[in-house]
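Convert by adding 43 to the 1-based position in the sequence shown; the result is the number in the numbering used here.
To start, the structure under review is shown below, and the notes come after it.
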Amino acid sequence: MPSAWWLLALPFIAGAFLPLQAGINGLLSKQVSSVMSAALISFLVGTLALFAVAAVQRELPSFAALKGLTWWHWSGGLLGAVFIATAAFAGPRIGAMLFMALVLAGQLSMALVLDHYGWVGYREAPISLGKIAGMVLIIGGVWMIRRG
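This is the structure in structure tokens:
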């Protein structure tokens, strides 16, 4: 079952990149003297990389497909921009560990709600006592890291 391991490894690796990305963008914001410029540069580089990969794979969207999108289809990029700008601003000020603990707590809180209601394409998975207990432990971890 190698594909199942890759499905578990990829999010772990992507998650490991988040504090690295936040630190790099924090240094970038100091270098260019602007959090928003750093976020713009970060997104520009990411956009060019994704454009190149999509072009090589011949998976660029058609204009008809783009015209059919609603406002919320576009909001993922906006949410990404908020994260990148927040990481560049807050990460260097509060440290990688606390920043990522808070990011994780926020991600899991939203995931709990999304799964419970089955919103934005996720399968419905009701909130359970075990999930709530897990969230309490995560929030306790944030508190311990903050005190630390």
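Glycine included, every Cβ here is placed at the ideal spot set by N, Cα and C.
Can you list, in chain order, the residues of its chain whose CB lies under 6 Å from that of residue i, leaving out five sequence neighbours each side?
i, result
"residue 72", "78, 81 and 131"
"residue 91", "none"
Among residues of its own chain, excluding the 5 on either side of residue i, which ones have a beta-carbon nearer than 7 Å to its beta-carbon?
i, result
"residue 151", "178 and 181"
"residue 189", "141"
Does the Cβ of residue i have 16 or more other Cβ atoms within 10 Å, making it buried, or fewer, making it exposed?
i, result
"residue 85", "buried"
"residue 127", "buried"
"residue 88", "exposed"
Any beta carbon of chain B sitting closer than 8 Å to that of residue i?
i, result
"residue 150", "Here there is only one protein chain, and chain B is not present."
Apart from the five residues just before and just after residue i, which ones in its own chain have a Cβ nearer than 8 Å to its Cβ?
i, result
"residue 66", "134, 135 and 139"
"residue 167", "158, 159, 160 and 161"
Among the options, whose alpha-carbon lies nearest the alpha-carbon of residue i?
i, options, result
"residue 184", "61, 144 and 93", "144"
"residue 83", "124, 93, 172 and 61", "124"
"residue 193", "148, 154 and 110", "Any answer about residue 193 is impossible in this case: the structure gives the chain only from 44 up to 191."
"residue 146", "50, 49, 48 and 58", "58"
"residue 191", "156, 173, 169 and 137", "137"
Would you call the region 130-148 and the region 59-73 touching, i.e. three or more CB-CB distances under 8 Å? yes
Touching or not, the region 46-65 and the region 94-114, by the rule of three or more beta carbon pairs under 8 Å? no
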